[in-house]
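Single-structure report; data block below.
Residue numbers (the working numbering): 1 to 187.
See below:
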């Protein structure tokens, strides 16, 4: 099934984090203790509300997000045989149930941290960010390109516009086609 967790990718300036790591050297034990104390203090004083209100439409949005993640991150085993891409087995995505539950738990946590009784669009944007960060970034790049450019493209145009090697792009497009995310026209 591949990776089975949700995640958030943090985009830091590499120079800044390397300099910070240099400054932190030798202070790791004290830092861990301080972070542990802060987190425990926060969690100890957090009042939990298990009865967060979700409108039916919001639940449906989270379900769609879970289905999207499950499909988009499905691993596909394929290889080139001559000029053809051969898929070793028919891809089967994980079922979105566990992802739905994880996203909903994250939504409940966000509501509790902000002391809100109901889920709103601001939190949904965070769930979308986590969903995107959970998916392979190269597949997202292709999906974003097609979403922004709602038209048909020839492979040569895509290689140029996406600045990707042809074989990498072919594998990506084939994967998205096999997952029934993109449609393919053969001339």
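Every residue gets a Cβ at the ideal spot worked out from N, C-alpha and C, and that includes glycine. Treat the numbers as computed from the prediction; the structure is a model and nothing was measured.
If you compare the alpha carbons of 133, 176 and 171 with that of residue 146, the shortest gap goes to 176.
Within a 10 Å sphere around the beta-carbon of residue 43 sit fewer than 16 other beta-carbons, which makes this residue exposed.
Residue 103 and residue 70 do not touch by the CB rule: their CB atoms are close to 11 angstroms apart, not below 8 angstroms. Restricting attention to 156, 181 and 180, the CA atom closest to the CA of residue 170 is found in 156.
Look at residue 168 here: in three-state DSSP terms it is helix. Non-local beta-carbon contacts of residue 95 in its own chain, meaning distances under 8 angstroms to residues more than five positions away in sequence, involve 70 in chain order. Rounded to whole angstroms, the separation of the alpha carbons of residue 16 and residue 25 is 14 angstroms. Per DSSP, the beta-bridge partners of residue 118 are 53. With a cutoff of 8 angstroms on beta-carbon distance, residue 117 and residue 62 are scored as not near each other.
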